[in-house]
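Residue numbers (numbering that gives the first Met the number 0), protein chains in the order written: chain A, 0 to 211; chain B, 0 to 211. Each residue gets a CB set at the ideal place from its N, CA and C atoms; glycine is no exception. The structure under discussion appears below in the form of structure tokens.
There are 2 protein chains.
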Amino acid sequence: MPKVRVHNVTISLDGFVAGPNQRLDAPFGDGVGWGDELHAWFVAASQDAAAGKTGIDVDFYVQGDRNIGATIMGRNMFGPQRGPWQDESWQGWWGDNPPYHHDVFVHTHHPRPDLEMAGGTTFRFTDEPPETVLRRAFDAAGGKDVRVGGGAAVIQEYLRAGLIDELHLVIAPMLIGRGARLFDQLDDGIDGYRVAELVGSPNVTHAILVRR
Amino acid sequence: MPKVRVHNVTISLDGFVAGPNQRLDAPFGDGVGWGDELHAWFVAASQDAAAGKTGIDVDFYVQGDRNIGATIMGRNMFGPQRGPWQDESWQGWWGDNPPYHHDVFVHTHHPRPDLEMAGGTTFRFTDEPPETVLRRAFDAAGGKDVRVGGGAAVIQEYLRAGLIDELHLVIAPMLIGRGARLFDQLDDGIDGYRVAELVGSPNVTHAILVRR
């Protein structure tokens with residue numbers, strides 16, 4: 000059976016995926032710049048992966064792309080605009096050739112036409128419930144697994160619904176203090192999960208959550 | 000200068016030091032038993048320390064007792080009673096010969112007479128503010144450091160006041176889901192701290208927070 004997987008979600012030691020006020024010029028909010036202590040491990044791992052190196056961080060990192068046939072994300076992970084789309088010409092954070100190369104379903108209260116990008120990525124905007132979006136994602140994935148990319152709100156929604164099979168979490172040596180907390184708004188959803196692995200690297204700590 | 004230190008504070012992967020409804024027959028609240036995944040590392044480390052072994056966990060563990068001359072704790076860490084003392088004959092969680100062997104200052108809204116125990120431990124109950132209690136603790140410590148033991152509420156109070164110099168935190172491979180969160184109620188207090196160390200052992204991850 001294909002699975003629903005989350006990978007490379009990085010939280011600060013105090014549990015935040017981002018600071019407050021996420022916006023175009025600060026995608027991770029106040030106090031968190033791309034590549035600083037929160038994501039330094041990710042940047043290094045992606046470079047190591049490109050160079051064919053191995054290691055704890057890069058080995059976990061590359062798992063995130065293995066056997067993934069479709070991705071689901073929240074609107075904030077596509078781009079910073081809130082409310083009705085003001086500008087459909089801006090095509091998200093991910094550049095002209097997004098690093099997905101498959102269908103990406105974007106949860107939004109304001110659907111807009113599909114956006115086909117170079118390299119095989121198609122963003123499909125939807126206001127359908129998680130179960131419906133997941134069914135479409137599995138269809139698009141053609142037998143491969145589906146990845147829930149983020150951000151925190153979408154991961155929480157899928158955890159609450161018990162839809163996630165495996166979650167790879169990374170704890171970075173940073174304190175953020177306020178903003179978007181990953182382990183929040185979960186109701187009893189987290190009770191269905193346990194920690195299967197906890198592995199420290201010289202840079203961060205990796206954890207794998209699976210169903211009980 | 001003597002320091003204010005916190006040691007061996009264990010949180011679940013989702014950030015809790017205890018579940019809800021802490022009470023006499025469940026000191027760590029619903030869903031968390033003493034010695035289970037949350038504190039298994041601590042039990043093993045204390046046994047290893049007694050046996051003279053070394054290792055990542057035991058090395059961090061023994062630091063917690065080194066050069067400590069006085070301890071500060073919250074009332075819930077002394078015992079489970081809330082409100083006015085119903086029964087002063089019960090002398091807390093710590094047994095006839097508590098593992099402190101120095102003065103222990105217990106924050107409570109309901110002071111009661113000092114309680115001298117075997118082995119050199121004296122519990123001193125106080126409703127004074129943290130700064131005052133800390134001054135008394137430094138006097139009692141005679142040049143050694145002061146340890147803030149817990150629980151979460153007292154650690155938060157001392158962090159908010161910027162009184163803690165060093166905090167050793169342990170992340171255990173368990174999910175609790177609800178209860179007392181360590182990184183909560185901190186206002187801007189956490190902004191004065193940074194992560195100086197993040198070290199994984201085969202069992203848990205250790206982190207050291209220090210002042211920026």
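>> Taking only three categories from DSSP, how would you classify G68(A)?
In response: strand
> Where do the N-terminal and C-terminal ends of the beta strand (DSSP E) with D102(A) fall, by residue?
Replying inline: D102 to H106
> What are the uninterrupted segments assigned as alpha helix (DSSP H) that are 4 or more residues long and contained completely in the segment 80–157 of chain A, given in chain order?
Replying inline: Fully enclosed alpha helix (DSSP H) runs of no fewer than 4 residues occupy 129–140 of the segment 80–157 of chain A, in order along the chain.
> Which partner residues of R22(B) appear in the DSSP bridge assignment?
Replying inline: Partner(s): A25(B).
> Given K143(B), which residues of its chain have a CB within under 8 Å of its CB, disregarding the five upstream and five downstream residues?
Replying inline: Taken in chain order, the residues that qualify are P1, N66, I67, G68 and A69.
> DSSP state of I55(B), grouped into three classes?
Replying inline: I55(B) falls in the helix class under three-state DSSP.
> Looking at C-alpha atoms only, which residue of G28(A), D29(A) and F59(A) is the closest neighbour of V42(A)?
Replying inline: F59(A)
> Can at least three beta-carbon pairs, one atom from the segment 172–189 of chain A and one from the segment 2–13 of chain A, be found at a separation below 8 Å?
Replying inline: yes
> With a cut-off of 7 Å, does the C-beta of F182(B) fall near any C-beta of chain A?
Replying inline: yes
>> Under 8 Å: do the segment 98–107 of chain A and the segment 121–139 of chain A share three or more Cβ pairs, one atom per stretch?
In response: yes
>> Taking 7 Å as the threshold (beta carbon to beta carbon), is V194(A) in contact with chain B?
In response: yes
>> Using a Cβ-Cβ distance cut-off of 7 Å, determine whether D267(A) contacts chain B.
In response: Given a span of 0 to 211 for chain A in the structure shown, any question on residue 267(A) remains unanswerable.
>> For W40(B), which residues in the same chain have their Cβ closer than 8 Å to its Cβ, ignoring the five residues on either side in sequence?
In response: T9, D56, V169, A171, S200, N202 and V203
> Can you name, in chain order, every residue of its own chain whose Cβ lies under 8 Å from the Cβ of R111(A), other than the five neighbours on each side?
Replying inline: W84, E87 and F124
> Beta-carbon separation of G63(A) and G78(A) under 7 Å?
Replying inline: Not closer than 7 Å, so no.
> Enumerated in chain order, which unbroken segments of the beta strand (DSSP E) with a length of 3 residues or greater are wholly contained in the segment 163–200 of chain A?
Replying inline: 165–171 and 192–199
>> For the segment 129–162 of chain A, list every residue whose C-beta sits within 9 Å of some C-beta in chain B, in sequence order.
In response: Using a CB distance below 9 Å, no part of the segment 129–162 of chain A faces chain B.
> At a Cβ threshold of 7 Å, is T204(A) touching chain B?
Replying inline: At least one chain B Cβ lies under 7 Å of T204(A).
> Taking A136(B) as the reference, which of I71(B), G161(B), G51(B) and R159(B) has the closest Cα?
Replying inline: I71(B)
> Does the beta-carbon distance from L185(B) to L158(B) come in below 7 Å?
Replying inline: yes
> Under 7 Å, do A179(B) and A151(B) count as touching if we go by C-beta distance?
Replying inline: yes
>> Am I right that H101(B) and A139(B) are in contact with their C-beta atoms under 8 Å? What's the rounded C-beta distance?
In response: 7 Å
>> Using a Cβ-Cβ cutoff of 8 Å, what residues of the segment 24–53 of chain B are near chain A? List them in chain order.
In response: Within the segment 24–53 of chain B, those residues whose Cβ lies closer than 8 Å to any Cβ of chain A are, in chain order, E36.
> Listed from N- to C-terminal order along the chain, which residues in the segment 6–21 of chain B have their beta-carbon within a distance smaller than 8 Å of any beta-carbon of chain A?
Replying inline: Of all residues in the segment 6–21 of chain B, L12, D13 and G14 have a Cβ within less than 8 Å of some Cβ in chain A.
> Looking at C-alpha atoms only, which residue of Y192(A), V5(A) and V16(A) is the closest neighbour of L181(A)?
Replying inline: V16(A)
>> Give me the residue from G148(A), L114(A) and M116(A) with the minimum Cα distance to N75(A).
In response: G148(A)
> Does the Cβ-Cβ distance between L208(B) and V3(B) come in under 7 Å?
Replying inline: no
>> For L133(A) and Q21(A), what's the separation of their Cα atoms in angstroms?
In response: 26 Å
>> Please list, in chain order, the chain B residues whose beta carbon lies closer than 8 Å to that of G199(A).
In response: L197, V198, G199, S200 and T204
> Span of the alpha helix (DSSP H) holding R74(A)?
Replying inline: R74 to F77
>> Per DSSP, what are the beta-bridge partners of H205(B) in this structure?
In response: V169(B) and V198(B)
> Which residues, taken in chain order from the segment 162–178 of chain A, show a beta carbon closer than 9 Å to some beta carbon of chain B?
Replying inline: Here the close residues are L168, I170, A171, P172, M173, L174, I175, G176 and R177.
>> Going by C-alpha to C-alpha distance, which of Q80(A), V61(A), G82(A) and W89(A) sits closest to P98(A)?
In response: V61(A)
>> Please tell me whether P19(A) and D35(A) are closer than 7 Å, where the distance is taken between their beta carbons.
In response: no
> Taking the alpha carbon of P26(A) as the point to measure from, which residue in N7(A), Q80(A) and E115(A) has its own alpha carbon closest?
Replying inline: Q80(A)
> Excluding five sequence neighbours on each side, which residues of the same chain lie with their C-beta closer than 6 Å to the C-beta of R146(B)?
Replying inline: The beta carbon of R146(B) lies closer than 6 Å to those of R4, I67 and T70 in the same chain, with the five residues before and after it left out.
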